[in-house]
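Numbering (the numbering used here), first residue to last: -14 to 487. Built from N, CA and C at the ideal position, the CB exists for glycine as well. I have placed the structure first, in the form of structure tokens, so that the comments after it can refer back to it.
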């Protein structure tokens, strides 16, 4: 959500970077048409990107096409390089770290901005802070401490803006705590999964880095219910054995609640090895027994069908979405996923529209309406729903046609070995022994047959509503490719029809 408040050029450069990263090459015209940016501005932004990413990637131009040469592992570093040019983020950092209450003139001088530009940046920051429940007094961000901490962690994790100086010793202590709670992981694993779990680490570190600012959570029935889960007491015990003695401190009950909130809202390895299917089922029941959640399920059922709502994967996805909305934090918790191709996928966008409509129509107390919902959370839920809905599709029917019984058997064995029974069903058809009428009612099927029978099948009308894939007697690599592509096309057509109904 913070991205929406950043300078337009920053947002455009980021979108161009995403396009370059998602494709082998793109033209300035393609970028212009996709992102609705003027061609001249695209060229200007590409030049700026070359400068911004000089230490992380190389943007090349061959004829009219642009490409980016970078290590995919450096995507986040490249994004940070783009964000570092944002004055809005710079101003937020100034107002977070401004304990000495410096005047705004100090920021203007340090940033080399004109007064008018600096005050426009300040107004943007004030608008953003107001939307997330925070304010500014004497050029310093004020409000509920837990929300300030989530903002600091957001800036650090999502934008590469370190407001407090997160040092190596603090990171090690945070990871020592995580390892204490999970015997299945190692320090090496955590050092290689910073993008996945770094947000949790930062929020945990803030529990002692900002300990001089007392933290108190507002009353919440949903959070009180979640404290019944086994993790809460186990977490307190682990903190007493790791972080508290290491820092020579005693956390208060408010500190424990804050750290547990961090656990509930974010992705981490804490106690991940302790979750059995029985415990997961119990937690789902705990959540879905709440009246407002049942209302939400009913809304999904009305829009997308009862079969979807009954699928465990769907309920897990909804729980994952819900945990980001505790205490109105949905506007502050970042989405840890990088969307490249799917940002421009029509089906995903259509499903996202349906999901957004469901939430907009849902009158609820679970999501604090004072705070906006970060659209990336809805988008991720939509991607999950798209995957689940694809698994709900009926198998593609394949009809094998031959005049020899042994060929039908051989082909059936071959297809069963190559493709899952969840993906295809097989119907053998003996051309010289069965009536054509048995196949005339078939639609959206794939008919696999020897090339010599293609014209006969077409003359019988089988090709009107089905696809015929002619193959050789030996089934070569090209035949296998055509069969696979035909199955994917048929499945895609079914999915298009399913999405269109909603």
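Simplified DSSP state of residue i, which is helix, strand or coil
i: residue 387; result: strand
i: residue 87; result: coil
i: residue 346; result: helix
i: residue 423; result: helix
i: residue 16; result: helix
i: residue 553; result: With the chain covering -14 to 487 only, the question about residue 553 has no answer from this structure.
i: residue 27; result: helix
i: residue 330; result: coil
i: residue 200; result: coil
i: residue 51; result: strand
i: residue 194; result: helix
i: residue 445; result: coil
i: residue 43; result: strand
i: residue 74; result: helix
i: residue 396; result: helix
i: residue -1; result: helix
i: residue 22; result: coil
i: residue 234; result: coil
i: residue -12; result: helix
i: residue 65; result: helix
i: residue 461; result: coil
i: residue 428; result: coil
i: residue 451; result: coil
i: residue 377; result: coil
i: residue 96; result: helix
i: residue 491; result: For the chain, the structure presents residues -14 to 487; residue 491 sits outside this window and is missing.
i: residue 359; result: coil
i: residue 205; result: coil
i: residue 466; result: helix
i: residue 366; result: helix
i: residue 38; result: coil
Inter-residue spacing [alpha-carbon to alpha-carbon] between residue i and residue j
i: residue 2; j: residue 69; result: 15 Å
i: residue 382; j: residue 397; result: 12 Å
i: residue 310; j: residue 244; result: 16 Å
i: residue 375; j: residue 475; result: 12 Å
i: residue 150; j: residue 200; result: 20 Å
i: residue 191; j: residue 120; result: 20 Å
i: residue 367; j: residue 25; result: 34 Å
i: residue 251; j: residue 440; result: 60 Å
i: residue 428; j: residue 378; result: 15 Å
i: residue 94; j: residue 260; result: 53 Å
i: residue 312; j: residue 205; result: 7 Å
i: residue 142; j: residue -14; result: 14 Å
i: residue 445; j: residue 413; result: 17 Å
i: residue 219; j: residue 225; result: 10 Å
i: residue 361; j: residue 8; result: 22 Å
i: residue 135; j: residue 318; result: 7 Å
i: residue 30; j: residue 276; result: 50 Å
i: residue 465; j: residue 175; result: 42 Å
i: residue 223; j: residue 234; result: 14 Å
i: residue 113; j: residue 363; result: 20 Å
i: residue 267; j: residue 301; result: 12 Å
i: residue 100; j: residue 92; result: 10 Å
i: residue 400; j: residue 421; result: 23 Å
Residues of its chain near residue i, where Cβ-Cβ distance is below 8 Å and the 5 sequence neighbours each way are ignored
i: residue 67; result: -5, -2, -1, 2, 34, 37, 38
i: residue 271; result: 210, 211, 213, 214
Beta bridge counterpart(s) of residue i as assigned by DSSP
i: residue 382; result: 410
i: residue 435; result: 456
i: residue 11; result: 51
i: residue 228; result: Residue 228 pairs with nothing; no bridge assigned.
i: residue 415; result: 387
Cutoff 6 Å; reference residue i; Cβ partners in own chain excluding five residues on either side
i: residue 169; result: 258
i: residue 299; result: 293, 373
i: residue 281; result: 347
i: residue 241; result: 221
i: residue 452; result: 431, 471
Same chain, Cβ closer than 7 Å to residue i, neighbours up to 5 away in sequence not counted
i: residue 297; result: none
i: residue 462; result: none
i: residue 323; result: 60
i: residue 417; result: 388
i: residue 408; result: 380, 381, 472
i: residue 107; result: 76, 89
i: residue 357; result: -14, 116, 316
i: residue 182; result: 175, 252, 253, 254
Check: residue i C-beta below 6 Å from any heavy atom of the ligand GDP
i: residue 177; result: This structure lacks the ligand GDP, and indeed carries no ligand of any kind.
Requested in this report: Could you name each continuous alpha helix (DSSP H) segment of 4 residues or more that falls completely within the stretch 242 to 327, going from the start of the chain to the end?
Outcome: 262 to 273, 276 to 289, 291 to 294, 297 to 308
**Report entry** Runs of alpha helix (DSSP H) wholly within the stretch 102 to 189 (minimum 4 residues, chain order)
**Finding:** 130 to 144, 153 to 166, 172 to 176
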